[in-house]
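Residue numbers (my numbering): 4 to 592. C-beta atoms are modelled at their ideal positions from N, C-alpha and C, and glycine is treated no differently. Since this is a predicted model, take the numbers as computed values, not measurements. Data block below; observations after.
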Amino acid sequence: MEPYLEDEEGAGRIHYRKTFRRLAALLAPRWRPVAVAFLFLVVASLASLAGPVVLRHAIDVDLASKSVRGLLTTLAVFFLVNSASVVFTYFLRVRLETLGQDILLELKKSLFAHLLSLGLDYFDRTPVGRITARVESDTGALRGLFAETAVLIFRDVGMFFGMFAVMASVHPGLTLVMASLLPPVAVASVLFVRKSAAPFLAVRKLTAELSGYLTERLQGMAVVQAFNRQEDSCGRLAGLSRRKFEAEFRAESLAVYFFVSVLTLEPVAISLVLGLGGKWALQGSVTVGTLVMFILYVDQLFAPIFHLTEHLGTIQRSFAAGQRIFDLLDTACTVTDPPAPRYLSRVEHGVEFRGVSLRYAPDAPWALREVSFAVPKGSRAALVGETGGGKTSIVSLLFKFYLPQEGDILIDGVSVSQMTQANVRRLMGLVQQDIYLFPGTVMDNLKLMDRSVPDDRVRDAIRALGLEAICRRIDLDRTVIERGANLSVGEKQVLSLVRAMVLDPAILVLDEATSSVDPHTERTIQAAMERLLEDRTSVVIAHRLSTVRHADRILVVRQGRVAESGSHAELLRKGGAYSKLYKLQFSGS
Ligand SMILES: Nc1ncnc2c1ncn2[C@@H]1O[C@H](COP(=O)(O)OP(=O)(O)OP(=O)(O)O)[C@@H](O)[C@H]1O
Ligand SMILES: [Mg+2]
4 MEPYLEDEEG AGRIHYRKTF RRLAALLAPR WRPVAVAFLF LVVASLASLA
54 GPVVLRHAID VDLASKSVRG LLTTLAVFFL VNSASVVFTY FLRVRLETLG
104 QDILLELKKS LFAHLLSLGL DYFDRTPVGR ITARVESDTG ALRGLFAETA
154 VLIFRDVGMF FGMFAVMASV HPGLTLVMAS LLPPVAVASV LFVRKSAAPF
204 LAVRKLTAEL SGYLTERLQG MAVVQAFNRQ EDSCGRLAGL SRRKFEAEFR
254 AESLAVYFFV SVLTLEPVAI SLVLGLGGKW ALQGSVTVGT LVMFILYVDQ
304 LFAPIFHLTE HLGTIQRSFA AGQRIFDLLD TACTVTDPPA PRYLSRVEHG
354 VEFRGVSLRY APDAPWALRE VSFAVPKGSR AALVGETGGG KTSIVSLLFK
404 FYLPQEGDIL IDGVSVSQMT QANVRRLMGL VQQDIYLFPG TVMDNLKLMD
454 RSVPDDRVRD AIRALGLEAI CRRIDLDRTV IERGANLSVG EKQVLSLVRA
504 MVLDPAILVL DEATSSVDPH TERTIQAAME RLLEDRTSVV IAHRLSTVRH
554 ADRILVVRQG RVAESGSHAE LLRKGGAYSK LYKLQFSGS
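If you want it as structure tokens, here you go:
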């Protein structure tokens, strides 16, 4: 499907027809509550339409015939009719609000589910705040559409034509006088819709930008403060806010212009009715009751027109938001599951890279080029090499975070492209350079938020790794704040090892931490890591000499290629890239 927006954040165009179809599809399965709402709407509208007619009867019939009983009866009917209008309007609003919230909930759920299925490349190119804005504020902008406009617009259109019908049946001449005011209203409406589309789109876009900017600065608070960027940060926020305010102001002032220009027509309408109608009344062709009824309708007639402006505003706002939401929902997953996947419950033979080439974007340079190597079951491959060489990229491919443009990654001879993402990742365990911790206790994090994992499994893992002492110091019941900011780097390294051990994966992928910790902790971590890696199929991005030396096979990755491979001893004997790297990087340790 072609995207809604020409560029990522959209040019100033709303695709009404296309967006309408998608929005209507959200309402269609909820036809029952919609039908009930329409029922309430019809009753409430008929009741308010009847009010002026009943009053006309009171003046022209009851007062003229001097019947007190008749007057009292008519007033009782008037009271009943108005009460019915109020009560049914209340039911209608409650029903609509429920409907709106229900749709928003569904949209948010499907947006988040879709986000969770998107490949990491999407998150590489889309700032977090922009995504948050789509899930929160764009869906919020649709509330007005479903909870008000979608149904109420029928009330307002219906009331409008209903009033004209009643008026025409009572006095066609006066009705024609009223109708003469409609062309200017129509022109004003068309102008309003035309002019306000761009500012409404701009508001949505700037809302996303603001939220993106805010998230980014809040996440980098330490850097902002350390480099004294507070003032500059404030300035940029103020600049964005001002632009948003200006766009919003443009949109809203257009609505006000429209409102005011229609408003000036109201006294004109009343004057016309009283002037011409009054003259006819003096001539005897119009009754006083009819005049009163027309004047009451003038007032009621403008209410639907104003509502219609609000509806038009809501439609523009929510269609702008809607097409951004659908655009995200239509973002294709670059990494998908095959229709008939092969399932592997365990690993019998090992992993193999066969002529793998990867680029992160069609116009980006190759990050990996014809990479081939094998990691037989139970053996350890160590990836070493210069920064930016492609080590992390190799690991990302193993997890099927990205798909290679050429070549294949095989687990027990089965290509990962033939397996589901869930299956591939169930076989893998990841120990990251810097572990991401979620809010909760340390224990929760070690279980990866899976409550079905017993505490004992975590304690066994800690014991097996020989990390009891340090874990006691960390305190497993301690509450972790966002991103684990209240834990030290070394502590997080320890937790990351324990987490992998709890998971006990068939293949372990370890991106060894580069940041150093004190010598004592370093020894503890190193020992724990050796225990974790023992007899396990593993791919390690190694920075420590010991990890490299114990590897069965070392791969030197340079500029996206495997420049050299072999055991530590073989590679040293060869005197190539590895031996140079070894002398530079490891000889000191
Ligand atoms: N998500 C990404 N999007 C675009 N380019 C990327 C991405 N990740 C890495 N690259 C590029 O791909 C190349 C290989 O990066 P990679 O992270 O694999 O290197 P590395 O060997 O892990 O480096 P280091 O030792 O510094 O961690 C680099 O040129 C990098 O700029
Ligand atoms: Mg890396």
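Delimiting residues of the beta strand (DSSP E) encompassing residue i
i      : result
Asp555 : Note, Asp555: premise wrong, no beta strand (DSSP E); not H, not E.
Leu511 : Ile510 to Asp514
Val271 : Unbroken run through Val271 is the alpha helix (DSSP H), Leu268 to Gln286; no beta strand (DSSP E).
Ser541 : Thr540 to Ile544
Asp411 : Glu409 to Ile414
Gly176 : Run containing Gly176: none in the beta strand (DSSP E); it sits in the alpha helix (DSSP H), Pro175 to Ala182.
Met532 : Careful: Met532 lies outside any beta strand (DSSP E), inside the alpha helix (DSSP H) at Pro522 to Leu536.
Ala425 : Element bounds for Ala425: not the beta strand (DSSP E) but the alpha helix (DSSP H), Gln424 to Leu430.
Val419 : Note, Val419: premise wrong, no beta strand (DSSP E); not H, not E.
Endpoints, the alpha helix (DSSP H) within which residue i is located
i      : result
Phe297 : Val291 to Asp333
Asp124 : Leu123 to Arg128
Ala377 : From DSSP, Ala377 is part of no alpha helix (DSSP H) but of the beta strand (DSSP E) over Leu371 to Pro379.
Glu494 : Val492 to Leu506
Ala385 : Note, Ala385: premise wrong, no alpha helix (DSSP H); beta strand (DSSP E) at Arg383 to Val387.
Ala38  : Trp34 to His60
Gly215 : Leu185 to Gln222
Asp447 : Val445 to Leu449
Glu573 : His571 to Lys577
Phe404 : Careful: Phe404 lies outside any alpha helix (DSSP H) and carries neither H nor E.
Ser360 : Here Ser360 belongs to no alpha helix (DSSP H); instead the beta strand (DSSP E) covers Gly353 to Leu361.
Cutoff 8 Å; reference residue i; Cβ partners in own chain excluding five residues on either side
i      : result
Val226 : Arg232
Arg239 : Tyr216
Arg220 : Val227, Ser236 and Leu240
Leu304 : Phe163, Met166, Met181 and Ala272
Which listed residue (the options) has its alpha carbon closest to that of residue i
i      : options                           : result
Leu361 : Leu406, Gly176 and Ser375         : Leu406
Val520 : Thr540, Val542, Ala503 and Lys495 : Lys495
Arg20  : Leu535, Arg357, Phe322 and Thr337 : Phe322
Leu1   : Leu433, Ser399, His174 and Leu536 : Past the boundaries of the shown model lies residue 1; the chain is included only from 4 to 592, so the question cannot be answered.
Arg35  : Ala79, Asp453 and Arg98           : Arg98
Ile17  : Val89, Ala200 and Leu26           : Ala200
Leu294 : Gly278, Ala306, Pro307 and Phe305 : Gly278
Val265 : His310, Trp283, Val291 and Cys237 : His310
Ser86  : Glu100, Asp105 and Ser48          : Ser48
Ala580 : Gly393, Pro442 and Val387         : Val387
Arg552 : Arg561, Thr152, Ser570 and Ser420 : Ser570
Ser375 : Ala254, Glu567, Leu304 and Leu268 : Glu567
Ala153 : Gly281, Gly73, Leu536 and Leu26   : Leu26
Glu533 : Thr550, Pro202, Pro522 and Val71  : Thr550
Ile484 : Tyr439, Gly493, Ser499 and Ala509 : Tyr439
Val427 : Met446, Cys336, Gly353 and Gly358 : Gly353
Phe404 : Thr339, Gly487, Leu498 and Lys577 : Thr339
Pro202 : Arg158, Ser256 and Leu177         : Ser256
Pro368 : Gly393, Arg349 and Pro379         : Gly393
Glu2   : Gln588, Gly563, Asp555 and Leu331 : Since the first residue shown for the chain is 4 and the last is 592, residue 2 is missing from the structure and cannot be characterised.
Gly316 : Glu409, Phe356, Leu470 and Val193 : Val193
Phe43  : Thr76, Leu66, Arg96 and Arg72     : Arg96
Gly358 : Asp411, Thr395 and Ala335         : Asp411
Arg429 : Tyr346, Trp283, Leu479 and Leu213 : Tyr346
Leu78  : Phe94, Ala61 and Arg460           : Ala61
Other residues of its chain near residue i: CB distance less than 7 Å, five sequence neighbours each side excluded
i      : result
Thr210 : Ala136, Ser140 and Lys247
Ala324 : Asp141, Ala144, Leu145 and Arg207
Thr218 : Val131, Gly132 and Thr135
Tyr585 : Leu575
Thr312 : Phe195, Ala258, Phe261 and Phe262
Ala254 : Ser199, Pro202, Phe203 and Val206
Glu9   : Confidence at Glu9 is low in this model, with a pLDDT of 36, below 50, so the placement of that residue should be treated as unreliable; the coordinate-derived value is given next. Correct list: empty, nothing qualifies.
Ser592 : Note that Ser592 has pLDDT 49, beneath the 50 cutoff, so the model's placement of it is unreliable and the number below is only indicative. The residues are Leu548.
Contact set for residue i: own chain, Cβ-Cβ below 6 Å, skip 5 residues either direction
i      : result
Phe163 : Pro307
Val180 : Leu275 and Leu279
Thr22  : Phe322, Gly325 and Gln326
Leu177 : Gly280 and Phe297
heavy atom of ligand 3 below 6 Å from residue i C-beta
i     : result
Ile62 : The model depicted lacks ligand 3 and carries ligand 1 and ligand 2 instead.
Any chance you could list the residues with Cβ under 5 Å from a heavy atom of ligand 1, keeping chain order?
Neighbourhood of ligand 1, defined by CB distance below 5 Å to any of its heavy atoms: Asp127, Tyr363, Ala370, Thr390, Gly391, Gly392, Gly393, Lys394, Thr395 and Ser396, in chain order.
Which whole runs of the alpha helix (DSSP H) in the stretch 87–162 are 4 residues long or more, in chain order?
Annotation: the stretch 87–162 contains the following complete segments of the alpha helix (DSSP H) (minimum length 4 residues), in chain order: 123–128 and 131–136.
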